[in-house]
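Here this note's numbering runs 1 ahead of the position in the sequence shown, where the first position is 1. I have placed the structure first, in the form of structure tokens, so that the comments after it can refer back to it.
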Amino acid sequence: SLVVLFGATAGAYGAKLGSDERELILLVWQAVDLQSKKVGTLHKSLVKADKLDLSDQCREVSGLTPEGLGKAEPLDRVLQQFSQLVSSDLKVLGRSSYTLCSDGQLLIRQVLHPETSKKNILLSDCFYSFYDLCKEFHTCYPSSASVKDQTIKTMAEYLGLRTDEMEEDFGVWQVKTMVAIIFSMLSEGCNYIFTEPETVKYKYETALIQAYFVCFFLSSSKSETVDSETVIRARGLPWQSSDQDIARFFKGLNIAKGGVALCLNAQGRRNGEALVRFVDSEQRDLALERHKHHMGSRYIEVYKATGEEFLKIAGGTSNEVAQFLSKENQVIIRMRGLPFTATQEDVLGFLGPECPVTGGKEGLLFVKYPDGRPTGDAFVLFSCEEYAQNALKKHKEILGKRYIELFRSTAAEVQQVVLNRYMSTPLIPTLPTPIIPVIPPPYTIATGSVRDCVRLRGLPYTAGIDDILEFMGDATGDIKPHGVHMVLNQQGRPSGDAFIQMKSADKAFLVAQKCHKKMMKDRYVEVFQCSGEEMNFVLMGGTLNRSGLSPPPCKLPCLSPPAYAAFQTAAVIPAEAALYQPQALLPTTRTPQASAAAPPAVTYYPAQAAQLYMNYTAYYPSPPVSPTTVGYITGPPGAVAAAATATHTPLLPQPGALVRMQGLPYNTGMKEILSFFQGYQYAPDDYNGLIQLSDQARSVLQAPKEWVCL
Numbered sequence: 002s003l004v005v006l007f008g009a010t011a012g013a014y015g016a017k018l019g020s021d022e023r024e025l026i027l028l029v030w031q032a033v034d035l036q037s038k039k040v041g042t043l044h045k046s047l048v049k050a051d052k053l054d055l056s057d058q059c060r061e062v063s064g065l066t067p068e069g070l071g072k073a074e075p076l077d078r079v080l081q082q083f084s085q086l087v088s089s090d091l092k093v094l095g096r097s098s099y100t101l102c103s104d105g106q107l108l109i110r111q112v113l114h115p116e117t118s119k120k121n122i123l124l125s126d127c128f129y130s131f132y133d134l135c136k137e138f139h140t141c142y143p144s145s146a147s148v149k150d151q152t153i154k155t156m157a158e159y160l161g162l163r164t165d166e167m168e169e170d171f172g173v174w175q176v177k178t179m180v181a182i183i184f185s186m187l188s189e190g191c192n193y194i195f196t197e198p199e200t201v202k203y204k205y206e207t208a209l210i211q212a213y214f215v216c217f218f219l220s221s222s223k224s225e226t227v228d229s230e231t232v233i234r235a236r237g238l239p240w241q242s243s244d245q246d247i248a249r250f251f252k253g254l255n256i257a258k259g260g261v262a263l264c265l266n267a268q269g270r271r272n273g274e275a276l277v278r279f280v281d282s283e284q285r286d287l288a289l290e291r292h293k294h295h296m297g298s299r300y301i302e303v304y305k306a307t308g309e310e311f312l313k314i315a316g317g318t319s320n321e322v323a324q325f326l327s328k329e330n331q332v333i334i335r336m337r338g339l340p341f342t343a344t345q346e347d348v349l350g351f352l353g354p355e356c357p358v359t360g361g362k363e364g365l366l367f368v369k370y371p372d373g374r375p376t377g378d379a380f381v382l383f384s385c386e387e388y389a390q391n392a393l394k395k396h397k398e399i400l401g402k403r404y405i406e407l408f409r410s411t412a413a414e415v416q417q418v419v420l421n422r423y424m425s426t427p428l429i430p431t432l433p434t435p436i437i438p439v440i441p442p443p444y445t446i447a448t449g450s451v452r453d454c455v456r457l458r459g460l461p462y463t464a465g466i467d468d469i470l471e472f473m474g475d476a477t478g479d480i481k482p483h484g485v486h487m488v489l490n491q492q493g494r495p496s497g498d499a500f501i502q503m504k505s506a507d508k509a510f511l512v513a514q515k516c517h518k519k520m521m522k523d524r525y526v527e528v529f530q531c532s533g534e535e536m537n538f539v540l541m542g543g544t545l546n547r548s549g550l551s552p553p554p555c556k557l558p559c560l561s562p563p564a565y566a567a568f569q570t571a572a573v574i575p576a577e578a579a580l581y582q583p584q585a586l587l588p589t590t591r592t593p594q595a596s597a598a599a600p601p602a603v604t605y606y607p608a609q610a611a612q613l614y615m616n617y618t619a620y621y622p623s624p625p626v627s628p629t630t631v632g633y634i635t636g637p638p639g640a641v642a643a644a645a646t647a648t649h650t651p652l653l654p655q656p657g658a659l660v661r662m663q664g665l666p667y668n669t670g671m672k673e674i675l676s677f678f679q680g681y682q683y684a685p686d687d688y689n690g691l692i693q694l695s696d697q698a699r700s701v702l703q704a705p706k707e708w709v710c711l
């Protein structure tokens, strides 16, 4: 027996049903006994949507009103009534089982499954198998229109059935006509048999993708190809999204086994994109109709992609990874922040007996750099969701003296992370090819109350300085040299803010007027005029809002309280803003013989607005990635020699060596840092040029110490 099912949403109708993410408002159905050709009672049920606003097309076609829908039952109650009424009708017909039959794929795949998934409604098994009447009709009548062009009306016209929809209520005519079409297909002239229903996968299945893949230094043998007509790219995903979250977004569509590949950027961080492979092109086409549907509060962009792109993300692997992922249907958890001395026994002990690892030590994969040093990352396999949930509860618990972060992961991410570690060191790509040698002066930020700066708020997190310069347009010529300052948060990730120093207050005012709420990558950016003092507060960790200035969350012992509070003197760009001078901060190591004659460092910047580039520090933001690494550009010896004769003011006295400390406690002061380096020589005078020191701090630095040359 079949249950003929028809539905409508509050939005688009026909071929665009479900494409606008509108809720279901109508279900009409009738049971059909294929052997006796008897039918059950025809049922029509309105569904109360969360939002009762109807599109003009819906009002015109269906004749429904928000007032009428306001009295209806919600979707979960309607589905319960559907199951009860169908069971009753089947008993009358002498049947016990049935399969749904609808006028295409859209009602089941694009409306019912996505909506019930979002509302956490459990669908009964009958909704995971159905007949597409348009496909069945074309199979029975090959000379009829193509499947894509079939509608209830075209099928009725082909058979010579009456097609006046106005004779019946909306939905009733459609179901009655579909029943008449089915009976025509069962007639003696056709004797059609419904044999192969469409299926909807109950859950997404993970798997290791073995494929032909070449990426720089690694390659693997060809064992599988991917059809480009089955792959899409999803963009705008929350960074914490797992493959199961993406599969839920595409609920109702059949994703190929292991067909979700989360993309990572060059820093090993999830970049908000994923490549998804479906079982066939029809499923891919339906997925494209979910462009700008929502995952939580975020809309997701869906575009076509190629099989080659999918293989580059999901296909790269090594024997170690292949062996680790050889066990299928495992839940993968990524651990970050492990002590570099952590062993397999330490990790197993940290997880404990309540979340046993699949295969014990074989279920652990430590990520290492090419030279064998641990990165602090590891992947762990669990045999079931319960064990994985127990493990995730240990997020930020302590192992040794470090807290450990745990996140869901995927097979594709395992392959990408391990592959990236073997590709190069460091993983951060270097800056553009150097063109113009520049001897930079010390980087200072203007202070005072003159409002010659602008603040950009709401930048896309992927926006770089190039994007900002393009956003500014003609006003880029009015930016001071090195006047673009990106603001990063405490994790080293873009905060969505940036400050720009203009040549005058008038220029800043014009930019704020011209660019305020101008679009950048589908987001509007707010532009406000501000002063150098306000900019300094934010770059030093404070906040700037409607209530005025809020100081940074912790004191900086290296700054005297008066200078820190008022910024009366010029301030050097702080470490918290992630602004460092490449190479100039890393001069050659001190040597007694050559200390007086060491040549100055030369920094290279790209042509075109070269002076507008701030100093780069490359980060591994968190989560889920490894500790930070910095990449620099080195000037060629010839340029260094040429620069040695030029008149300039180096950022640091030459020669010297500078180290960067990472992972300091927030309450660390100057004395603690000096105590940490007890026994090593450092240059007190260098700090005078780099940081605005109070007399007290300067006296601490210049106090006699036991010097040992580094």
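Cβ atoms here follow ideal geometry from the backbone N, Cα and C, with glycine treated the same way.
Rounded Cβ spacing between residue i and residue j (contact assumed at less than 8 Å)
i, j, result
"residue 232", "residue 276", "6 Å"
"residue 164", "residue 154", "5 Å"
"residue 384", "residue 359", "5 Å"
Residue i versus residue j - alpha carbon distance
i, j, result
"residue 22", "residue 457", "33 Å"
"residue 247", "residue 85", "33 Å"
"residue 520", "residue 526", "6 Å"
"residue 368", "residue 70", "56 Å"
"residue 341", "residue 373", "11 Å"
"residue 401", "residue 382", "22 Å"
"residue 13", "residue 44", "23 Å"
"residue 1", "residue 347", "The question about residue 1 has no answer here: the residues shown for the chain are numbered 2 through 711."
"residue 364", "residue 331", "10 Å"
"residue 615", "residue 502", "Low local confidence applies: a pLDDT of 33 at residue 615 is under 50, so the model's placement there is unreliable, with the coordinate-based value given in what follows. Cα to Cα, residue 615 sits roughly 12 Å from residue 502."
"residue 3", "residue 93", "14 Å"
"residue 409", "residue 343", "21 Å"
"residue 669", "residue 495", "24 Å"
"residue 47", "residue 74", "7 Å"
"residue 453", "residue 242", "41 Å"
"residue 660", "residue 535", "29 Å"
"residue 607", "residue 529", "Summary for residue 607: the model assigns pLDDT 35, below 50, so the residue's position carries little reliability, and this model does not support an answer."
"residue 137", "residue 143", "10 Å"
"residue 351", "residue 251", "35 Å"
"residue 57", "residue 68", "15 Å"
"residue 417", "residue 95", "56 Å"
CB of residue i within 7 Å of CB of residue j, strictly
i, j, result
"residue 322", "residue 415", "yes"
"residue 227", "residue 311", "yes"
"residue 260", "residue 207", "no"
"residue 41", "residue 90", "yes"
"residue 103", "residue 109", "yes"
"residue 101", "residue 6", "yes"
"residue 205", "residue 256", "yes"
"residue 263", "residue 411", "yes"
"residue 413", "residue 506", "no"
"residue 254", "residue 289", "no"
"residue 193", "residue 141", "yes"
"residue 133", "residue 106", "yes"
"residue 380", "residue 335", "yes"
"residue 713", "residue 362", "Only positions 2 to 711 of the chain appear in this structure, which leaves residue 713 out of reach."
Beta-carbon proximity list for residue i, same chain, < 6 Å, skipping 5 on both sides
i, result
"residue 77", "122"
"residue 1", "In the structure displayed, the chain extends from 2 to 711; residue 1 sits before or after that span and is not available."
"residue 338", "377, 403, 405 and 406"
"residue 186", "141 and 193"
"residue 19", "107, 111 and 112"
"residue 393", "407"
Same chain only: Cβ atoms within 8 Å of residue i, ignoring 5 sequence neighbours per side
i, result
"residue 523", "461"
"residue 307", "229 and 232"
"residue 97", "91"
Contacting residues, own chain, Cβ-Cβ under 7 Å from residue i (five flanking each side not counted)
i, result
"residue 499", "457, 460, 469, 485, 486, 487 and 488"
"residue 24", "10, 11, 50, 51, 52 and 116"
"residue 17", "none"
Start-end ranges of the beta strand (DSSP E) lying completely within the segment 302 to 378, minimum 3 residues: If we require 3 residues or more, the beta strand (DSSP E) runs fully inside the segment 302 to 378 come out as 332 to 337 and 365 to 369.
- prompt: If you scan the segment 85 to 125 from start to end, which runs of the alpha helix (DSSP H) of 4 or more residues do you find wholly inside it?
  reply: Qualifying alpha helix (DSSP H) stretches, in chain order: 114 to 119.
field: Within the segment 137 to 206, ranges of the alpha helix (DSSP H) (whole runs, at least 4 residues)
entry: Whole alpha helix (DSSP H) segments, 4+ residues: 153 to 160 and 173 to 186.
Complete runs of the beta strand (DSSP E) confined to the segment 449 to 520 [at least 3 residues]: Entirely contained in the segment 449 to 520, the beta strand (DSSP E) runs reaching 3 residues are, in chain order, 454 to 458, 480 to 489 and 495 to 503.
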